[in-house]
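In the UniProt record's numbering, the protein residues as written are 1 to 534.
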């Protein structure tokens with residue numbers, strides 16, 4: 001942000017000079033690896049629930065009677081809450097004066113809200129029936145209302161939880177690159193663990209047997225399995241959050257200079273201490289000031305990120321639906337045999353997402369090595385964006401192979417398709433696995449480059465990354481609004497949005513290779529930030 005004081009830096013500018021060394025009288029603060037692990041492990045609980053959303057909820061909303069072309073509108077709550085909630089929560093958690101600390105109250109509240117929202121989503125069909133839905137009709141309006149309310153609360157709570165978790169990790173790490181790399185390595189690891197657990201749970205079709213009460217008159221086996229998955233999600237998240245919050249303590253913060261820090265599970269440095277000495281600036285003033293001060297490298301980074309997420313979001317939204325509908329030939333609104341085939345495809349897609357997460361986890365550990373091998377992070381990002389484009393275009397080939405090899409049987413006078421051949425299944429699952437490579441880059445490089453291209457001297461770290469988040473959530477809103485009608489223009493299905501994604505990925509790769517500058521090496525102020533898809 002601009003200021004009349006010549007010494008005050010803009011919110012976003014390249015840091016070419018290392019920060020001054022600490023005074024000799026300030027000894028290094030103790031570094032607790034245990035505190036890092038406790039806080040980072042919350043990512044497993046968050047990603048477990050997010051994996052269930054990706055793998056099961058799009059088919060679920062169609063079972064409630066929402067047409068396929070409008071299902072994407074349900075997902076608007078994710079990007080909208082990400083655009084508003086995450087930067088606002090980050091801004092206020094920077095300045096929270098609670099006696100429990102700055103971040104911990106938001107983390108606790110977010111976890112409780114997630115549990116509440118998950119119960120509403122899982123029991124939407126039952127509550128809708130209780131309030132008067134007719135089970136014989138295709139559309140169940142009261143269940144849809146309950147589901148939408150729960151889903152919006154869930155995404156708001158997820159954003160309320162993620163931002164303070166990452167901020168708390170940054171507080172623990174302080175200004176040490178070694179601590180920051182260690183914290184982000186553990187955060188990435190637990191993200192992968194949560195994804196694998198979530199997708200594994202989503203692909204297991206008999207989980208509801210553990211909770212027999214989940215199967216009701218209004219809730220079939222598929223719905224009951226979703227409930228059971230969410231019960232495990234609540235248990236995991238609340239357990240990990242409780243362990244973290246009881247073992248890592250923050251010292252209450254007040255806007256008095258020098259009154260920041262942390263006690264308990266390792267002392268936490270307050271990277272906002274300098275901001276406490278200046279007059280506070282309103283939240284939206286900081287956002288608009290940060291946008292005004294953007295330099296050319298940051299604008300290019302935002303453009304590449306925007307195109308990258310236009311490419312990703314259609315597949316992340318409809319990948320399991322693609323498996324059930326195009327690859328397996330099922331239909332969420334068909335007869336019981338066709339519906340069963342569709343559900344089998346959805347669970348196969350969840351297995352593919354689990355494979356995707358395994359590849360994502362291993363690739364995340366090798367990002368630095370891969371970047372050195374190709375000559376820089378911008379080149380690596382450009383190359384994997386072209387890989388993303390090829391994979392999205394390959395969905396057409398897999399779909400056509402599935403259609404050409406489709407076999408049918410007649411059951412009680414009704415013609416029903418058989419599951420696709422093993423080769424088609426293997427090809428689709430391989431596609432999911434390969435996509436783990438570009439997804440690992442998407443989750444790391446943009447945030448790392450944003451940290452290098454920007455300075456948080458005029459705003460908190462969460463607020464700075466909130467500007468980058470705009471380049472992620474705005475494309476998601478556009479895709480959510482346009483993918484359903486766009487698919488309908490071309491006869492329905494998921495392929496039109498996937499083709500649009502392939503074009504956007506190729507454009508993103510081109511800009512990354514030709515316009516995006518490489519960050520200067522060995523910038524001490526840079527922090528590598530690893531973020532989750534929302």
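Where a beta carbon is used, it is the ideal one built from N, C-alpha and C, also for glycine.
Specify, as a first and last residue, the run of the alpha helix (DSSP H) that residue 394 falls within.
377 to 404
Closest by C-alpha distance to residue 102, when choosing among 51, 395 and 166
166
Tell me which same chain residues have a C-beta within less than 7 angstroms of the C-beta of residue 109, skipping the five on either side of it?
160
By how many angstroms is the C-alpha of residue 44 removed from the C-alpha of residue 132?
37 angstroms
From 497, 470, 518 and 478, residue whose alpha carbon lies closest to that of residue 88
470
Our contact map puts residue 346 next to residue 324 with C-beta atoms below 8 angstroms; I'd like the distance itself, whole angstroms only.
4 angstroms
Mind reading off the beta-carbon distance from residue 477 to residue 367? Whole number of angstroms is fine, and I expect it under 8 angstroms.
The Cβ separation is near 28 angstroms, so there is no contact.
Assigned secondary structure, residue 248 (DSSP; H/G/I helix, E/B strand, else coil):
coil
Count the other C-beta atoms from every protein chain shown that fall within 10 angstroms of the C-beta of residue 139, then say buried if there are 16 or more, exposed otherwise.
exposed
With distances taken between CB atoms, is the gap from residue 49 to residue 233 smaller than 8 angstroms?
yes
In the DSSP assignment, find the beta strand (DSSP E) that holds residue 432 and state where it starts and stops.
First-last for residue 432: 422 to 434, but that is the alpha helix (DSSP H), not the beta strand (DSSP E).
With distance defined between alpha-carbon atoms, name the residue in 510, 38 and 94 nearest to residue 241.
38
Distance, residue 118 Cα to residue 260 Cα:
Any reading at residue 260 needs caution, since the residue's pLDDT is 42, under 50, leaving its predicted position unreliable; the model's value is listed next. Each residue's alpha carbon lies about 35 angstroms from the other.
With hydrogens ignored, establish whether the beta-carbon of residue 302 is closer than 7 angstroms to any heavy atom of the ligand ADP.
With respect to the ligand ADP, the structure offers nothing, as it holds no ligand at all.
Skipping 5 residues on each side, what residues in its chain have a beta carbon closer than 7 angstroms to that of residue 394?
431
Among 390, 94, 444 and 148, which one has its Cα closest to the Cα of residue 506?
390
Rounding to the nearest angstrom, what Cα-Cα distance links residue 156 and residue 106 in this structure?
12 angstroms
Leaving out five residues before and five after residue 85 in sequence, what residues of the same chain have Cβ atoms less than 7 angstroms from its Cβ?
156, 159 and 160
Which same chain residues end up closer than 7 angstroms to residue 514 when comparing Cβ atoms and leaving out the 5 residues on each side of it in sequence?
none
Check whether residue 201 and residue 361 have beta carbons under 8 angstroms apart:
no
I'd like to confirm the pairing. Which residues does DSSP put opposite residue 503 in its beta bridges?
None; residue 503 has no bridge partner.
Just the Cα atoms here: how many angstroms apart are residue 329 and residue 479?
25 angstroms
Give the secondary structure of residue 517 by DSSP, where H, G and I count as helix, E and B as strand, and everything else as coil.
coil
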